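In this note's numbering, the protein residues as written are 1057 to 1988.
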């Protein structure tokens, strides 16, 4: 009997740091004691080294039951690989413990997730940001619904994936690999199953924050999968469907950036030199995400000489949410009616403003609406031919994604103007800052759509498309015995053609012919509760309906400041590889692995537009195309030494690259000429960027007890020879842009070179890390603990690399050099589980230290912020009826995610200068699964 829930054999972090470190140390010490006393677990069958693309799915042939067997399958993948890998293995089709693949990935050693809207969405591998890793589906690189390359994992229903392998060391035969790691998601192979099998699952879920603004706190997850084969086992077919409706409920208090040291008289009542934020908001965000996914695989194997596999994947998601928001500017701006006056200010020992009463402020009540629609389609056709002792492979793939968004805002204020208020403020780190206004803002009839101090509204309609086509031809053949160490050789070529584009029409949302108006009762959702921030209640309403009834919105993309926001990037990458595989003995030590080289030829270019203010009206928008070609030679080696007592020592050496971010390759730019000096200047992307480059060394010691348990210690070292920085540099040649420029009367001659701010290749640095892991069923110690188990890991990262912050991020992370984005110096994972007689229970925690995360800002661009380290706990219990029972195949599940209601917090430089404090609540899930 099979089960499907994804079990990462190293799962979630720790709650109280000191306590969990002790637990982790105990687990590792216990494992070492086992080795010392010679305890041996039953040895499982060994398998051939899984190839990077498809063979990992063969683990579906293993009949698995429950948590333990899911763990054992993952251990088998890790043990049998020649590379250093981590793995997640399905317990059965159609069942999962996590909201998304990212939740399970974040439990693996050396991996960490960043939450978006309460869900793990993007993954950092070994302390490097998502830009340094790549994601594959059945060995094929995938497009992204984001602005860049990093995959948003919540687009992939975990119910439709049979396993995930994370490659931490390069392999010459793995096309599309990343610098920090490569995540390969695999779907089932129907001919790997012995008989037809199906599964259906239904789950209901509830968010603990409850309903608000007409949006329910309830959602559902429905999935169905079926796998079948013909009697002759020459044809197999699998299909899976997943649907999820996830409520979005959020409480947030946010402060304006930057926090800056103010001058004398800048903020009346606050001493000069105090660090001060110019505004604060509190909101209740409400909405939901609907996602539907379909996966299908057809396999045809008329003989052992030919196997043909067709993979199809489709996912579409629709997200709608509205931030019902109270906001007040405290930076001495209220529409010009009177100056700010702060009374009773409190300032801490760090010179940070922490509270007081802001007088003569003019608060707003705002509705901020976002609609996003994503679609991913992927196709892959693999044909494998065995001709004598030679294996030939041909693989064709295509994937495409589209993202459409609508962002709208309504601004309301009390009228007639001015309605200046006095607001008591208390700023907190580690909790919700408090805002106590003097007026009551709960009466919608007293709030008017008008040309407020922030205007009447603004909107955007961003669109992203990403398309990737690829073809791969490969051959594997045995080598002559005279070559000694080497048993066979893999060679191949791959061609990939990728096109990604973004454009972002924007515009003011203006009042319609009726002029100033309140919002009618039929568009009101009711009051939302902001008492968590000290405000009380405010109205909420249907923002798009209010725009349609009372306002006009005509977004454009041809204004001077919008021209650079539209771009297209094209990449053609030709890859050739050769990999010699070895399986021999050096002295008395068995050795397996591979030595190979990958050669990449890259042809990249970008098309965009720029605004030339020197040209006559109607000719200001000009096209620009730039690009570059280059070739990379990337050698790699992976060796696995089989030592006595089921120990393995792995060594990896490689030269690695990571392609630049797509938005950094854009050709779009802004420029102008300083009429006082004649020097041109500008900013934009850089289509001539070369990749991040690194030398990598990896060492891993692993002790196995068959497939039942293992302990491991892994060390990695990366010498990043280059890094990509966004900075201003002199000497940029503006000649092509100044062809028709004529200096005005009295202006100096125009220079041909000047300062240009863009991403550039620069010097890198060193980073290293240590990862400790133990997966131990406690019945290894005593039969009285049968069914109990512990999985623990700890990661420690260190880097001497500091980078100048991108210009758009200095308001939040400052102007001084910062540590690498995505780098947490410490990550911890802990799972304690029990499984026996059909009953399963687990409590899992994952913890990461502070890091610099990436978020989207108001302009739709990325910005960086300091993120407080997180400590997340999940719990789950389930029961499955035994095979002999009349209800065999039926199981029940109860799960709580974010059990301790951990908040998400960001700050500016020091933690006493908060930026965001966000509460997403707990998620309760109750479900039933049936396997047949």
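All C-beta atoms, glycine included, are put in the ideal place defined by N, C-alpha and C. If you're wondering where the values come from, they're calculated on a predicted model, not measured in any experiment.
Residue of the options minimising C-alpha distance to residue i
i: residue 1437; options: 1228, 1356, 1409; result: 1356
i: residue 1985; options: 1965, 1944, 1969; result: 1944
i: residue 1316; options: 1969, 1981, 1988; result: 1969
i: residue 1563; options: 1577, 1596, 1310, 1618; result: 1618
i: residue 1920; options: 1908, 1928, 1927, 1929; result: 1908
i: residue 1531; options: 1304, 1513, 1603, 1446; result: 1446
i: residue 1452; options: 1499, 1784, 1224, 1195; result: 1195
i: residue 1697; options: 1849, 1647, 1736, 1743; result: 1647
Contact under 8 Å by Cβ, residue i with residue j
i: residue 1565; j: residue 1607; result: yes
i: residue 1707; j: residue 1749; result: no
i: residue 1461; j: residue 1425; result: no
i: residue 1371; j: residue 1211; result: yes
i: residue 1886; j: residue 1183; result: no
i: residue 1388; j: residue 1484; result: no
i: residue 1716; j: residue 1620; result: no
i: residue 1842; j: residue 1892; result: yes
i: residue 1638; j: residue 1652; result: no
i: residue 1126; j: residue 1159; result: no
i: residue 1325; j: residue 1401; result: yes
i: residue 1406; j: residue 1858; result: no
i: residue 1623; j: residue 1552; result: no
i: residue 1161; j: residue 1239; result: yes
i: residue 1423; j: residue 1597; result: yes
i: residue 1489; j: residue 1311; result: yes
i: residue 1185; j: residue 1910; result: yes
Pairwise C-alpha distance: residue j and residue i
i: residue 1228; j: residue 1636; result: 9 Å
i: residue 1586; j: residue 1268; result: 11 Å
i: residue 1107; j: residue 1189; result: Its pLDDT being 44, under 50, residue 1107 is placed unreliably in this model, and the value from its coordinates should be taken loosely. Their Cα atoms are separated by approximately 19 Å.
i: residue 1112; j: residue 1217; result: Confidence at residue 1112 is low in this model, with a pLDDT of 37, below 50, so its placement is unreliable and the value that follows should be read with caution. Near 12 Å, if we compare the C-alpha coordinates of residue 1217 and residue 1112.
i: residue 1255; j: residue 1988; result: 6 Å
i: residue 1746; j: residue 1284; result: 47 Å
i: residue 1257; j: residue 1280; result: 6 Å
i: residue 1094; j: residue 1758; result: For residue 1094, the predicted structure reports a pLDDT of 49, less than 50, and the residue's modelled location is therefore unreliable. A value from the coordinates is still provided. Their backbone Cα atoms lie some 15 Å apart in a straight line.
i: residue 1808; j: residue 1741; result: 19 Å
i: residue 1193; j: residue 1443; result: 27 Å
i: residue 1825; j: residue 1852; result: 5 Å
i: residue 1871; j: residue 1861; result: 6 Å
i: residue 1976; j: residue 1703; result: 44 Å
i: residue 1836; j: residue 1439; result: 44 Å
i: residue 1346; j: residue 1705; result: 46 Å
i: residue 1502; j: residue 1574; result: 7 Å
i: residue 1644; j: residue 1755; result: 21 Å
i: residue 1343; j: residue 1134; result: 40 Å
i: residue 1974; j: residue 1925; result: 13 Å
i: residue 1524; j: residue 1654; result: 20 Å
i: residue 1527; j: residue 1632; result: 12 Å
i: residue 1979; j: residue 1174; result: 10 Å
Close-in-space but distant-in-sequence residues of the same chain around residue i (CB under 7 Å, 5 per side omitted)
i: residue 1102; result: Low confidence applies to residue 1102: its pLDDT is 36, below 50, so where it sits in the model is not reliable, and the reading given next is rough at best. Contacts found: 1136.
Buried versus exposed call for residue i [16 or more other C-beta atoms within 10 Å across all chains shown]
i: residue 1669; result: exposed
i: residue 1199; result: buried
i: residue 1819; result: exposed
i: residue 1700; result: exposed
i: residue 1321; result: exposed
i: residue 1520; result: buried
i: residue 1089; result: Here residue 1089 scores only 48 on pLDDT, less than 50, and its place in the model is too uncertain to base an answer on.
i: residue 1246; result: buried
i: residue 1641; result: exposed
i: residue 1662; result: buried
i: residue 1570; result: exposed
i: residue 1675; result: exposed
i: residue 1359; result: exposed
i: residue 1578; result: exposed
Residues near residue i in its chain [Cβ-Cβ closer than 8 Å; skip 5 each side]
i: residue 1417; result: 1384, 1385, 1386, 1390, 1396, 1476, 1477, 1478, 1479
Nonlocal neighbours in the same chain, by C-beta distance under 6 Å from residue i, ignoring five residues either side
i: residue 1658; result: 1629, 1686
i: residue 1458; result: 1431, 1521
i: residue 1169; result: 1158, 1162, 1176, 1179
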